Amino acid sequence: MNAFAAIFARELRLRRMLLIGALAIGFIGPVFLGLSGQIAADSVSAVALLIGLLTCIIYALVLGSGAFARDLVDGRLGFDFVRPVSGFSVWAGRIGAAVALLVASAVLVVAPALLLYPGPHSLPSQGWFPSIDSTAGAVAAGLLVCLILLLLTHVVTVLFASRSAALVLDLAGLVAVGLWVNAALARLYRNWAQDAFTAGSISYLVLFLVVLIGATLAQLLVGRTDLTRNHRALSVALWVPLLLGALALDAVSRWVVSPKATDLLGADAVYQAPAGSWFEVGGNLRHRGSLGGLFLIDAATGRVVRQGVSRERWAFSTTFSRDGRIAAWLADTPKETEVRWTDLSASEPKVEVAPISVAGVAEVPALSPDGRWLAFRSDRRLLVFELRTGRLVNSVPITPDWDALRIRWMAEDRLRFWSAGGNVDISLEPRISIAEIQVPGDPGQGAPVPVGMIPLSVHGYAWDVSRDGATVIVRENRTATGRRNLFDGRTGAALGEINEGTRSGGFLLADGSVAIYVLSPERSLAIYDRTGVLRRRFSKGLLFGAQPSPNTILASSTGAESSPGHPGPRHLWLLDLATGGMREVGRGWIPVSPTVGSGVAIVLTGPISFARWDPATETLKPIVLR
Amino acid sequence: MTAPTTSAPPLAVAGLSVRYGRRIALDDVSLSVAAGSVYALLGLNGAGKSSLVRCLLGLRRPESGSATLFGRDVWSHRAAVLGEIGVVPEEPDAPPTLPVGEIARFAARIHPKFDRTGFDDRLRRFGVPANVPFGRLSKGQKGQVALALALAPSPRMLILDDPTLGLDAKARRSVFEELIGELAERGNTVFLTTHELVAVEGIADRVGILRDGRLLVDEDLESLRARFRRLRFTRPNDGDAVVDRALADLSPVSVERRPWGVEAIVSAFVEERWTQLAGRADLGSPEVEAVRLEDLFLALVEPTGASIEPRGAA
């Protein structure tokens, strides 16, 4: 302890002029800037803080190269080492004094400004790093940066001063660590793993600091006064843990963005292909913060294709070809939106990235029946690409409103779209325009062909279009009755209306008929045809689930739990539209989505356990994930 | 780990080898220094003296072998054993901006037995000002400060690595006089490397000579003086072969043929034998004289010198 104290005191004494200089610099801000009145008083301390930071950076460079690197290089470190002083005391005394001088200098530089002009100072949020809201936090963050700089300067001084060929290995280590860490963090960044990105960055920064401290100690304990051995020890102590840390960070980042379906905490979204046995599941993931995961699952075999991770808890961005063989989805990254797709008919479906990317938000994707073309909305335009080649084959303007677009493919070479206006943006006329475009068309000159229009009476409405594009349902929000209007999907002509009160929810079925679940005054499930004529009413409180065949509906009871991810003790009912009969067929929860006509209905039997409804045997078959 | 033993010599190295890359600086060197003796390690520049000292001070870990001070391995117990050692480095390396008085204050905090009064007295004798930064002192004054720092804690042993290197004659003399004075006063063990062969001859008890990393000689100075002799004689009529045969039994270190005859230094001189050989080989005007350490050293380290049998090496 005596040796440490002696070296610490000696080093302070040797560099005491730095403190005097810091104090002098500290008065520059308050005195010269404040008294001159050239800038606002509340900016003086901010400027002083900036000057303080610059001063500390310079000090860090001076102290970093002078802590013991220069003495080592100049052969003067023996003065300490030929005395009864442990290597640790030499290191702690010298590095400790350098850090103490740095901290004291920082305090002396910023103290005059903070005393004369107290006020909140903050560092703004940088990317995914949280903002620092206090003066103390800002000063601490600046000091941390300077401390790392101090140690880095020491390391660089030693590495370069030894003039050893091993410097090539150091540079290789630096490049390897830099690339590896960058790749790991970029992987998290690209996949919206914000929590993991922040935790990983801060953890690696802490590791970096600890390794820097440990490496400078190790170099001195092992190398003592021998510069070459110092270099060797420093390199080993530096690069081995940093590379191992980078390896760990890389492994963690891969683990974070590569969840398994069994990592889902619950199925927040289930969306079924229009044909075949595949369905999409999305939800929050275990141990991954706010990151959500999306998976395609084959109900027949239990095969799983990981679509990716997303910042959203779920995303209905997946679109299927009519036969359910091709699935495509929009994956937004921090830089752009990518299009990914997979051929689900392959024995081992692989996720491909289509050569299509758009800046900004893209939404409402729709694959053509054969899966050749992909249409979606981006930046007030409806774009159509050839999926595999990325060739843009049509581009037309659409209404710039929220929830403004529905797309249905009428044939492989023709799509119809419904463009709504005046819903949220009240400067627009409230109406739904119906138009069609040919594919391929002329991306530069092409214009949609208007085929119909639905005039609406008020701003603000909920609406949808049936899968076949034949029926449009609109519920105007301002009507106290909760009335739903039905329109012809091509011409916009009125077909009828449905009045089931405000406490009800409705879905369009495959053939354009409508299922309405009613919560009050009495719970029931009502089935209307596309002209608004009531076909059946099932008196139990049921939530519409799936339509395994044109004349049957699989529905679940309204349980106490309202969250889709927590099915609760719900009962499954098979409804016969032809006879009006209904019978209980098991327990489970049908995810709310318009899954019709495929012959397969997915039932949630637990937070992440699934079963499929087999119409042939009219039984539930558990899906075992592979 | 080497446990300290009361019977262990104050300084010992065994099988010590040091390499710098492919270059061998020390090759299997073994020696020991008895308590209260003065050991002078001699060698040309680059012979490996400083490498040996670095190992002895725990600054360099040898590739093989061990260096112990008072029975403890120096590399493992450097800080502990150096409490008993005073060190004068080859290049005085105190912080250049620190005044000598501050340096003494620093050293006093580390060495509990640091004799500040003695240090100040010694500086006064040397004529070194205490308030001048170390970096502004002359080279001689720096060496004197280093010696004063080494002696002030009353160490049991001194290790001096060429303490007079680069000093002028006056400074060299003051260093050795101070050293001799201290030795006389305390009876310390001293290990020094030096080129000051004349000065060493007056104080060393034992001498080691390094050449190219190998220890050629490790022997008491008296013993060396006894067995080394310079011989001069005129050549016999039947030539060099007779001379070589005559000298062979005396282990010649160097043989120089001059116009007037032959001058040789031998390392196994025995009076009776020399008399017999001189008579038998018909050597003319044979003369025998003692060899100075400097001549002996030069004869041994010259690359052309004949090989000798190391004697006294552990």
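Protein sequences appear in the order of chains A and B. 1 is the number of the first residue of the first sequence in the working numbering; add one for each residue after it. 1001 is the number of the first residue of the second sequence in the working numbering; add one for each residue after it. Every residue gets a Cβ at the ideal spot worked out from N, C-alpha and C, and that includes glycine. Note that the structure is predicted; figures quoted are calculated from it, not measured.
Identity of the residues DSSP links to residue i by a beta bridge
| i | result |
| --- | --- |
| P448(A) | Note: P448(A) sits in no beta bridge, so no partner. |
| T552(A) | S549(A), D576(A) |
| T1193(B) | L1041(B), D1161(B) |
| A1246(B) | BP columns for A1246(B) are empty, so no partner. |
| P112(A) | BP columns for P112(A) are empty, so no partner. |
| F1233(B) | V1262(B) |
| A435(A) | F417(A), P450(A) |
| E272(A) | Here the sequence assigns Gln to residue 272(A), which means Glu is not the residue at that position. F279(A), per the DSSP bridge assignment. |
| T619(A) | D614(A) |
| S504(A) | V518(A) |
| E386(A) | W373(A) |
| T1068(B) | A1012(B), D1073(B) |
| S357(A) | E338(A) |
Contacts of residue i in chain C (Cβ-Cβ under 7 Å)
| i | result |
| --- | --- |
| N2(A) | Absent here is chain C; the protein component of the structure consists of chains A and B. |
Given residue i as reference, the closest of the options once Cα atoms are compared
| i | options | result |
| --- | --- | --- |
| V396(A) | G581(A), D403(A), P440(A) | P440(A) |
| F81(A) | V1053(B), L1098(B), E1063(B) | V1053(B) |
| T337(A) | F376(A), G371(A), R306(A) | F376(A) |
| L1165(B) | C1055(B), G1071(B), A1146(B), G1101(B) | A1146(B) |
| V156(A) | Y189(A), L234(A), L185(A) | L234(A) |
| L330(A) | P455(A), E348(A), V353(A) | V353(A) |
| S520(A) | A526(A), S504(A), Y528(A), R530(A) | S504(A) |
| R232(A) | P622(A), V424(A), S162(A) | S162(A) |
| I1203(B) | R1156(B), S1007(B), T1068(B), F1176(B) | F1176(B) |
| A1246(B) | E1102(B), L1277(B), V1132(B), M1157(B) | L1277(B) |
| G496(A) | G469(A), R530(A), R391(A) | R530(A) |
| A141(A) | K540(A), S557(A), F610(A), G52(A) | G52(A) |
| N1131(B) | F1114(B), P1096(B), D1162(B), H1111(B) | P1096(B) |
| R325(A) | A420(A), L77(A), L296(A) | L296(A) |
| S203(A) | A218(A), I58(A), S253(A) | S253(A) |
| T605(A) | P615(A), M582(A), K621(A), V90(A) | K621(A) |
| F1106(B) | A113(A), N499(A), R83(A) | R83(A) |
| V339(A) | R322(A), L205(A), T318(A), G580(A) | T318(A) |
| T491(A) | H154(A), L392(A), W573(A), V465(A) | V465(A) |
| G1046(B) | L1098(B), L1210(B), A1248(B) | L1210(B) |
9 Å Cβ cutoff met for residue i and residue j
| i | j | result |
| --- | --- | --- |
| G308(A) | V257(A) | yes |
| R1235(B) | R1257(B) | yes |
| E1018(B) | A1012(B) | It is Val, not Glu, that sits at residue 1018(B) in the sequence shown. Not a contact, by the Cβ cut-off of 9 Å. |
| L207(A) | L242(A) | yes |
| L1160(B) | V1087(B) | yes |
| F507(A) | V514(A) | yes |
| A411(A) | P365(A) | no |
| N394(A) | D442(A) | yes |
| D511(A) | P550(A) | yes |
| V1290(B) | R1206(B) | Correcting the residue type first, residue 1290(B) is Ala in the shown sequence and not Val. In this structure, R1206(B) does not lie closer than 9 Å to A1290(B) by Cβ. |
| R288(A) | D263(A) | yes |
| L144(A) | L209(A) | yes |
| E1231(B) | E1287(B) | Sequence inspection shows Leu at residue 1231(B); the Glu mentioned does not correspond to that position. Yes, the Cβ-Cβ distance between L1231(B) and E1287(B) is below 9 Å. |
| E1102(B) | R70(A) | no |
| P349(A) | D343(A) | yes |
| L1300(B) | T1194(B) | no |
| P1153(B) | G1058(B) | no |
| R391(A) | G469(A) | no |
| V90(A) | L77(A) | yes |
Residue i Cβ short of 8 Å to the ligand FAD heavy atom set
| i | result |
| --- | --- |
| A346(A) | No copy of the ligand FAD occurs in the structure displayed, which carries no ligand at all. |
Inside the segment 277-348 of chain A only - beta strand (DSSP E) runs reaching at least 3 residues
278-284, 292-298, 304-310, 326-332, 336-343
For the segment 298-308 of chain A and the segment 274-282 of chain A, state whether three or more C-beta atom pairs, one from each stretch, are separated by less than 8 Å.
yes
Looking at C-beta atoms only, is the number of pairs between the segment 2-22 of chain A and the segment 90-104 of chain A that lie closer than 8 Å three or more?
yes
Between the segment 1148-1155 of chain B and the segment 1116-1130 of chain B, do at least 3 Cβ pairs fall closer than 8 Å?
yes
Sufficient close CB pairs (3 or more, under 8 Å) joining the segment 341-358 of chain A to the segment 379-393 of chain A
yes
Tell me, please, whether the segment 164-182 of chain A touches the segment 219-226 of chain A by the rule of three or more beta-carbon pairs shorter than 8 Å.
no
Ignoring anything shorter than 3 residues, give me the beta strand (DSSP E) runs that lie fully in the segment 1173-1223 of chain B, in order along the chain.
1189-1193, 1206-1211, 1214-1220
Alpha helix (DSSP H) segments (min. 4 residues) lying fully within the segment 1080-1118 of chain B
1100-1110
Taking only runs that begin and end inside the segment 129-187 of chain A, name each unbroken beta strand (DSSP E) of 3 or more residues, in chain order.
none
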